[in-house]
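Here is the structure we will look at, set down as structure tokens.
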Amino acid sequence: MNINATLLAQTIMFALFVWFCMKFIWKPIMGALDQRKKQIADGLADAERAKHDLELAAKRSADMLREAKEKVGEIVASGEKRASEIIEAAKEQAKAEGDRIISGAKAEIDQEVFRAREQLRTEVSAIALAGASKILGREIDAKAHNDLLDKLVSEI
Amino acid sequence: MASEAHTSAEYIKHHLQNLTFGKLPDGVWGIAHSHDEAKAMGFWAFNLDTLLVSLLLGVIFIFIFRLAARKITAGVPIGLQNFCEWSVEFVDSNVRGSFSAKNDMVAPLALTIFFWIFLMNLMDLLPVDYVPTLMETIGVPFFRIVPSADPNATFGMAIGVFLLILYYSVKIKGVGGFLGELTLQPFGKWGLPVNLLLEGVNLIAKPISLALRLFGNMYAGEMIFILIALMGGAWIGFTPGSVTLYGSQILLSLGWAIFHILIVTLQAFIFMVLTIVYMDMAHQEHH
């Protein structure tokens, strides 16, 4: 219970412990705490930024979707228009072709009719000649009566 | 209980005697075997028990915290790191609360003070007879296990704090500023002697109050444990009186130990907080 030199030894020991604590305990622990604080702050900032980015991205994707929809509508409309145009054109073309075929056929028919009439006419004239020669009982000189025959033929 | 040859007074005296190493009356250095021998050694003697136990406890503190500090990561803390981080933050918040200047030394100082004193005080919860009896069987005459119940330990720390107060007072305010603080207030330059007296007492009171408060609390606590231990020591056989006393000792020492947990922590905390406050005052310029 006496005050003695223990006092000095205790003071020195105290100083050494404080020094050691300051140098090798407080510094690393506080450093780690500060570092963690910074990491957390950074993490929160990152999260905030990511959230902001996500919002922007969502907005952009919505915009893009709307644009795409509009474009699709346009494309569909123009496609429909084009399709109806093509159909119209095809119709017209078909009609023209049909007309052409019909007129061609008509011309051919006319020609056939004309040819048949000519043939008939010559045949009729021949029959008429043969009939007349029989009636007359003699050969009709075809040459002599050619002008007559031609006249007859044209009359048939 | 120590051997039955002891009277109560001898028992108490024995428990309150440090293991002192110094110059014996015959001129040889050695361990004092009685209170009078220890007293005769004068200033140049060492209380081996105080030194040993406080050194051991300080090393335990340093070891535990160093263990955590070595492997510390800024990632997810586990186990010991959690405890050390919590302690550091606890001390740091106290320092931030009462210390306004910038000094990287105050917080580690406070941490060391708190845990060292806490561990030293904690020795008070060891049953009073265990260590002295154990030491007696291996031939060590005295052993006080509570370093903070030895004024040498508490004054040792308080002097350390006092030197820091002086150092930082002079460093921050300059010699003139510090002397001015001691002599020119509160009554101005014409009241110089009175100022010096008041401020001098004020200054000296800081380490003395620090040391005596801790010493007084721990010494009183130890004394009460010893007194409680005396109750069972009056054992004379299975008589109603002896059994009652024995039972009272168990209950009372339990109660006092539980109450003492509070004192142990509180005194460590008070020493720490007052140190922080004194350091803050040393850093502050008066206006």
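Chains A and B, in that order, give the protein sequences.
FYI, in our numbering the residues of the first sequence are 1 to 156.
FYI, in our numbering the residues of the second sequence are 1001 to 1287.
Beta carbons are placed, not taken as given, at the ideal position from N, Cα and C, and that holds for glycine.
Using a Cβ cut-off of 7 Å, pull out every chain A residue sitting near A1072/B, in sequence order please.
As a working mapping, residue 1072/B is identified with position 72 in the second sequence. Here the sequence assigns Ile to residue 1072/B, which means Ala is not the residue at that position. Simply P28, I29 and A32.
Alpha carbon to alpha carbon, what distance is there between L1198/B and G1191/B?
Walking along the second sequence from the start, residue 1191/B turns up at place 191. Walking along the second sequence from the start, residue 1198/B turns up at place 198. Their Cα atoms are separated by approximately 11 Å.
Could you tell me which whole alpha helix (DSSP H) segments of length 4 or greater appear in the stretch 1100–1176 of chain B?
1106–1122 and 1130–1137
Please report the Cβ distance between A32/A and T1244/B, rounded to the nearest whole angstrom; I am assuming they are in contact, meaning their Cβ atoms lie under 8 Å.
Position 32 of the first sequence, counted from the first residue, corresponds to residue 32/A. Position 244 of the second sequence, counted from the first residue, corresponds to residue 1244/B. With a Cβ gap of about 56 Å, A32/A and T1244/B do not count as contacting.
Hey, does L44/A have any beta-carbon neighbour from chain B nearer than 8 Å?
Residue 44/A sits at position 44 when you count from the first residue of the first sequence. Chain B, which has no Cβ nearer than 8 Å to the Cβ of L44/A, makes this no.
Would the beta-carbon of N1121/B fall within 8 Å of that of V1264/B?
The count along the second sequence starts at 1 and reaches residue 1121/B at position 121. The count along the second sequence starts at 1 and reaches residue 1264/B at position 264. It is a contact, given that the beta carbons lie within the stated cut-off.
For the alpha helix (DSSP H) containing A1069/B, list its first residue and its last residue.
The residue labelled residue 1069/B in the question sits at position 69 within the second sequence. A1069/B -> alpha helix (DSSP H) spans L1048 to R1070.
Taking A62/A as the query, report the chain B residues whose CB atoms sit under 8 Å from its CB, ordered along the chain.
Locating residue 62/A in the first sequence gives position 62, counting from the first residue. Correct list: empty, because the minimum Cβ distance to chain B is about 39 Å.
Report yes or no: is there a C-beta of chain A within less than 8 Å of the C-beta of F1083/B?
For this step, residue 1083/B is matched to residue 83 along the second sequence. For F1083/B, the answer is no, since every Cβ of chain A falls outside 8 Å of its Cβ.
Taking 8 Å as the cut-off, decide whether the C-beta atoms of A1149/B and A5/A are in contact.
Counted from its first residue, the second sequence places residue 1149/B at position 149. Counted from its first residue, the first sequence places residue 5/A at position 5. No; because the gap between Cβ atoms is not below 8 Å, this pair is not in contact.
Contact criterion: CB-CB distance below 8 Å. Does V18/A meet it with respect to chain B?
Residue numbering aside, residue 18/A sits at position 18 when the first sequence is read from its first letter. Closer than 8 Å to some Cβ of chain B, the Cβ of V18/A qualifies, so yes.
Span of the alpha helix (DSSP H) holding F1288/B?
Any answer about residue 1288/B is impossible in this case: the structure gives chain B only from 1001 up to 1287.
Can you grab the Cα-Cα spacing for the pair S1098/B / I1270/B, in whole Å?
The sequence position of residue 1098/B within the second sequence is 98, counting from 1. The sequence position of residue 1270/B within the second sequence is 270, counting from 1. When rounded, the distance between both Cα atoms is 13 Å.
For the alpha helix (DSSP H) that contains W1086/B, what are its first and last residues?
Within the second sequence, residue 1086/B is the residue found at index 86, counting from 1. Start and end: G1079 to S1098.
By a C-beta neighbour count over all protein chains shown, 10 Å radius and 16 as the cutoff for buried, is I1060/B buried or exposed?
Counting from 1 along the second sequence, the entry for residue 1060/B is found at position 60. When all chains shown are included, I1060/B counts as exposed.
Taking 8 Å as the threshold (C-beta atoms), are H1015/B and P1141/B in contact?
As a first step, residue 1141/B must be located in the second sequence, where it is residue number 141. As a first step, residue 1015/B must be located in the second sequence, where it is residue number 15. Cβ distance not < 8 Å, so P1141/B and H1015/B don't count as in contact.
Any contact between the stretch 1207–1221 of chain B and the stretch 1153–1163 of chain B? By contact I mean 3 or more CB pairs, one from each, below 8 Å.
yes
Using a C-beta cutoff of 8 Å, does I3/A count as contacting chain B?
To locate residue 3/A, count along the first sequence from 1; it is residue 3. True, the Cβ-Cβ gap to chain B drops below 8 Å.
Do G1221/B and A15/A come within 8 Å of each other at the CB atom, strictly closer than that value?
Position 15 of the first sequence, counted from the start, is the residue given in the question as residue 15/A. Position 221 of the second sequence, counted from the start, is the residue given in the question as residue 1221/B. Not closer than 8 Å, so no.
Quick check: is the beta carbon of N1103/B nearer than 8 Å to any beta carbon in chain A?
Within the second sequence, numbered from 1, the residue matching residue 1103/B stands at position 103. Answer no: the Cβ-Cβ gap between N1103/B and chain A never drops below 8 Å.
N1047/B versus chain A: which residues are under 8 Å apart at the beta carbon?
By 1-based counting over the second sequence, the position of residue 1047/B is 47. Result: N4 and T6.
Is there a Cβ from chain B that is less than 8 Å from the Cβ of A47/A?
Working through the first sequence from its first residue, we reach residue 47/A at position 47. Not an interface residue.
A15/A touches chain B at which residues, Cβ-Cβ below 7 Å?
Residue 15/A sits at position 15 when you count from the first residue of the first sequence. Correct list: G1160.
Would you check if there are 3 or more beta carbon pairs closer than 8 Å linking the stretch 1104–1118 of chain B to the stretch 25–39 of chain A?
yes
For a contact meaning CB atoms closer than 8 Å, what does W1116/B contact in chain A?
Working through the second sequence from its first residue, we reach residue 1116/B at position 116. Near W1116/B (Cβ distances below 8 Å), the residues of chain A are F14 and F17.
Please state the DSSP three-state secondary structure of G1030/B.
In the second sequence, the residue the question calls residue 1030/B occupies position 30. The answer is strand: DSSP assigns G1030/B an E or B state.
Considering F1271/B, what are the terminal residues of the alpha helix (DSSP H) in which it resides?
Numbered from 1 along the second sequence, position 271 holds the residue referred to as residue 1271/B. Taken as a continuous stretch (DSSP letters only), the alpha helix (DSSP H) holding F1271/B covers P1240 to H1283.
When you check each C-beta in the stretch 67–83 of chain A against every C-beta of chain B, which residues fall closer than 8 Å?
none
Among I102/A, D150/A and K91/A, which has the Cα closest to the Cα of R121/A?
In the first sequence, the residue the question calls residue 121/A occupies position 121. The residue among I102/A, D150/A and K91/A with its C-alpha nearest the C-alpha of R121/A is D150/A.
Confirm, please, whether the CB-CB distance from F1162/B to K1206/B is below 8 Å.
Walking along the second sequence from the start, residue 1206/B turns up at place 206. Walking along the second sequence from the start, residue 1162/B turns up at place 162. Yes, these two residues count as a Cβ contact at 8 Å.
Could you name the residues of the same chain whose beta carbon sits closer than 8 Å to that of M1231/B, not counting the 5 residues immediately before and after it, in chain order?
If you number the second sequence from 1, residue 1231/B lands on position 231. The answer, listed in chain order, is L1245, Y1246, S1248, Q1249 and L1252.
Please report whether the beta-carbon of A9/A lies at a distance below 8 Å from any beta-carbon of chain B.
Along the first sequence, read from residue 1 onward, the residue named residue 9/A stands at position 9. Yes - at least one Cβ of chain B is within 8 Å of the one on A9/A.
Tell me the DSSP secondary structure of A1074/B in three-state form.
Counting from 1 along the second sequence, the entry for residue 1074/B is found at position 74. Note: A1074/B maps to coil in three-state DSSP.
Counting along the chain, where does the alpha helix (DSSP H) carrying A77/A start and finish?
Looking up residue 77/A in the first sequence gives position 77. Where A77/A is concerned, the enclosing alpha helix (DSSP H) stretches over K27 to L136.
On the DSSP bridge assignment, give the partners of A1045/B in chain order.
Mapped onto the second sequence, residue 1045/B falls at position 45. DSSP, once it has assigned bridges, lists G1022/B as partnering A1045/B.
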